[in-house]
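Residue numbers (the working numbering): 155 to 261.
And the structure:
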């Protein structure tokens with residue numbers, strides 16, 4: 155769905171630019187949060203928020219640690235486009251699917 159990261163002095167986020175079709179290093183913005191959006195958010199927002207391919211590298215001389223926390227929907231919960239992201243000019247691009255179906259496709 156999405157990931158929230160606190161910005162640190164240990165840069166290393168690399169994102170894929172859809173415009174240039176190149177991988178670019180994200181610039182550091184002190185005291186900020188980095189939000190990585192995923193495919194599920196793209197689908198329920200009807201591509202209002204796009205999923206960005208990304209990865210991280212450790213180019214520092216010290217260790218880096220992450221502490222992930224996962225919160226998932228009930229497996230059979232059916233998700234569809236958020237009503238405010240759909241209208242006559244913007245019909246749904248994705249068919250409704252359960253959380254379990256969405257994870258089978260993504261992973």
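Cβ atoms here follow ideal geometry from the backbone N, Cα and C, with glycine treated the same way.
Neighbourhood of residue i by C-beta, 8 Å cutoff - its chain only, sequence neighbours within 5 removed
{"i": "residue 146", "result": "Because the chain is modelled from 155 through 261, residue 146 falls outside the range shown and cannot be assessed."}
{"i": "residue 230", "result": "252, 253 and 254"}
Beta-carbon proximity list for residue i, same chain, < 7 Å, skipping 5 on both sides
{"i": "residue 156", "result": "189, 190, 191, 192 and 195"}
{"i": "residue 236", "result": "198 and 199"}
{"i": "residue 206", "result": "169, 170, 190 and 191"}
Whole-angstrom distance between residue j and residue i, CA atom to CA atom
{"i": "residue 173", "j": "residue 233", "result": "29 Å"}
{"i": "residue 179", "j": "residue 171", "result": "10 Å"}
{"i": "residue 242", "j": "residue 216", "result": "53 Å"}
{"i": "residue 228", "j": "residue 250", "result": "15 Å"}
{"i": "residue 183", "j": "residue 158", "result": "14 Å"}
Buried versus exposed call for residue i [16 or more other C-beta atoms within 10 Å across all chains shown]
{"i": "residue 256", "result": "buried"}
Residue i beta carbon near the ligand COA (any heavy atom closer than 8 Å)
{"i": "residue 195", "result": "Of ligands this structure carries none, so the ligand COA is not represented either."}
Residues sharing a beta bridge with residue i, DSSP
{"i": "residue 236", "result": "DSSP lists no partner for residue 236."}
{"i": "residue 170", "result": "177"}
{"i": "residue 190", "result": "157"}
Touching or not, the stretch 163-175 and the stretch 197-213, by the rule of three or more beta carbon pairs under 8 Å?
yes
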